[in-house]
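Residue numbers (this note's numbering), protein chains in the order written: chain A, 1 to 312; chain B, 1001 to 1297. All residues carry an ideal CB built from backbone N, CA and C; glycine is no exception. What follows is a short report on a single structure.
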């Protein structure tokens, strides 16, 4: 039952990526009609509003503190300085540690890469088993998995603490990687299951007749055929895991905090004078990875997030 | 041909092995974890989970705690605001983009980019923009309007709207994308027919197009609704629940009770309430959708 919304979502997402090519509404008559001025004027103003925070982050991070205290946040920097960026990266303090965001950055890299690889590996094989090698009871587990995607994470936080403590991984990066793989599973499995279900069955049967087994068909036929869906899953997981805060703060220790947690600690620390330019440089640095993924991936991102939006 | 297998369990063995992570996740973490939390919400667990049952005492205490009541009130305001504004703004933006305009891709990219950013980044940027001394308020005052007051993050009465502004900035792009896909799914013949009949465009949208987009609206609704209950990092980054307790939310209550107040029982009871509120949204919808589909066959 819960799978319906996700199925719908994936359907909508597919359409979003395919049909965004040809607009449909009424055709505008003249270039400078009143309607056009209104239309483009509105869109332009709204676009400015959406761009404003990004602009404010950039200009603030390039100003010195004296300039920030006298000027306003929208004015471009009179004197460009990269000092705040250097400080945010290398010497900003959280508590007693003063080695900057770089530690959080490398922690996030060390968390994101294995989590992405592991979660996609598990989910793609699992989706393939569900689509092409159905066994009794598989749908029951799959339904529980999809319903699980709607359960607030807070409900499962503490039981996972206990599980990780039992297997000795509480507080370690490996433990967090496992958590990300577990919570990435519903949406990724759904994504891969739906994709593999659309592969023509004749292909699968022909491979079976030729004697290919479970892994043979997966590696020689399914994997090479489905690179686009792997890219969608990759985008989804990289941005999702990089942006995670809750799991990072619950399942790691201060020295292994991911970038988002460390950023929040730097900016919202109560001690010392607030250095807004350093804070904004740090915020931009943290947002840079998903922004680059977003601008580089274009329409595939739309597909990925619409499929992953249920993940929350 | 596969050779004769003595046991049914070993049939299709590789698929079953491949599904082990899913089975463990579904049974142990999702089902097991949820049931565990619900059971322990009836105990007096403090620093460590312990099975000494106290009935509904944790829930009673929960609903007498001012901080929880503030959290619930905030969640309602935030939730209602998110639902109404993100659906309306998302639809309007999609309708504007659907007018055969130039640079459609550019506009869509701009409206959607905040969604790539985390709630932490969103919260910190808006904390800076809404800063009373340097941000919007400071600038308007600097222009000569000395009495101008727009100070959501330091005014307990309106702080939740400050968070709402940030959340809307971050997530309306996604709703817009869903709506745009829905609009593109509407047959062009319908637009032609409406034009021939002389029906104005806004009426066509209101009475023909929107009812036809019901599935898209429901998808968007479920996505937004499940996101609302989970709101946590945005509040932590933007206000840390302040000033005082005026921007607390349930998810933050759960985290604080479990990991800093050493009051596990309260955390379990509060998270169970979150689970219940999600079920209240999901079950009627699943019943309507799934039940309908069953009848249709």
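Around residue 160 (chain A), the beta-carbon contacts reaching into chain B at under 7 Å are 1029, 1033.
By the criterion of at least three beta-carbon pairs nearer than 8 Å, the region 84–91 of chain A is in contact with the region 274–284 of chain A. Exposed is the label assigned to residue 1064 (chain B), since fewer than 16 other Cβ atoms lie within 10 Å of its Cβ.
Bounds of the alpha helix (DSSP H) holding residue 297 (chain A) are 276–297. In this structure, residue 1239 (chain B) and residue 1164 (chain B) do not form a Cβ contact; the two beta carbons are roughly 12 Å apart against a cut-off of 8 Å. Closest by C-alpha distance to residue 56 (chain A), out of B:1031, B:1034, B:1121, is B:1121. Of all residues in the region 146–179 of chain A, only 147, 148, 150, 151, 152, 153, 154, 155, 156, 157, 158, 159, 160, 162, 163 come within less than 8 Å of chain B when Cβ atoms are compared, listed by chain position. Residue pairing by DSSP places residue 97 (chain A) opposite A:94 in a beta bridge. Between the region 107–119 of chain A and the region 178–198 of chain A, the count of Cβ pairs shorter than 8 Å is three or higher; the stretches touch. A distance below 6 Å between beta-carbons, with the five flanking residues on each side excluded, links residue 100 (chain A) to the following residues of its chain, in chain order: 89, 90, 91, 92.
Segment contact: the region 1085–1100 of chain B against the region 1176–1185 of chain B, three or more CB-CB distances shorter than 8 Å; contact assigned. CA-to-CA, the gap between residue 1129 (chain B) and residue 1072 (chain B) works out to about 27 Å. The contact set of residue 77 (chain A) on chain B, defined by CB atoms closer than 7 Å, is empty, because the minimum CB distance reaches about 14 Å. Contact annotation, residue 132 (chain A) with residue 196 (chain A): C-beta distance approximately 6 Å; criterion of less than 8 Å satisfied. Around the beta-carbon of residue 244 (chain A), 16 or more other beta-carbon atoms lie within 10 Å, marking it buried. DSSP, reduced to helix, strand and coil, places residue 74 (chain A) outside both helices and strands of the structure shown, so it counts as coil. With a cutoff of 9 Å on beta-carbon distance, residue 1184 (chain B) and residue 1256 (chain B) are scored as not near each other. For residue 1208 (chain B), the CB contacts under 7 Å within the same chain, skipping 5 residues up- and downstream, are 1190, 1194 in chain order.
Taking a Cβ-Cβ threshold of 7 Å, none of the residues of chain A is close to residue 1043 (chain B); the smallest such distance is about 12 Å. DSSP, reduced to helix, strand and coil, places residue 1043 (chain B) within a strand of the structure shown. For residue 246 (chain A), the residues of chain B that pass the 7 Å Cβ criterion are 1232, 1233, in the order they occur in the chain. What residue 1139 (chain B) touches in chain A, judged by beta-carbon distance under 8 Å, is 72, 73, 74, going in chain order. Rounded to the nearest whole angstrom, the C-alpha separation of residue 148 (chain A) and residue 1031 (chain B) is 8 Å. Collapsing the DSSP output to three states places residue 1053 (chain B) in a strand.
Segment contact: the region 187–194 of chain A against the region 260–278 of chain A, fewer than three CB-CB distances shorter than 8 Å; contact not assigned. Judged by DSSP secondary structure, residue 1139 (chain B) falls within the alpha helix (DSSP H) whose first and last residues are 1136–1142.
Residues of the region 198–226 of chain A with a C-beta less than 8 Å from any C-beta of chain B: 213, 214, 215, listed in chain order. Taking a C-beta cut-off of 9 Å against chain A, the contacting residues of the region 1094–1109 of chain B are 1095, 1096, 1097, 1098, 1099, 1100, 1101, 1102, 1103, 1104, 1105, 1106, 1107, 1108, 1109, listed in chain order.
A distance below 9 Å separates the beta carbons of residue 1275 (chain B) and residue 1037 (chain B). Under the DSSP assignment, residue 1068 (chain B) falls in the alpha helix (DSSP H) whose first and last residues are 1066–1097. Residue 1266 (chain B) is outside the set of residues whose beta carbon lies under 9 Å from a beta carbon in chain A. Relative to the Cα of residue 1264 (chain B), the nearest Cα in the group B:1039, B:1186, B:1187, B:1202 belongs to B:1039.
Close partners of residue 1118 (chain B) in chain A (Cβ separation under 8 Å): 242, 243, 244, 245, 260, 286, 287, 290. Note on residue 1033 (chain B): 16 or more other CB atoms within 10 angstroms of its CB, so buried under the neighbour-count rule. No Cβ-Cβ contact shorter than 9 Å links residue 1287 (chain B) with residue 1160 (chain B). Around the beta-carbon of residue 1022 (chain B), 16 or more other beta-carbon atoms lie within 10 Å, marking it buried.
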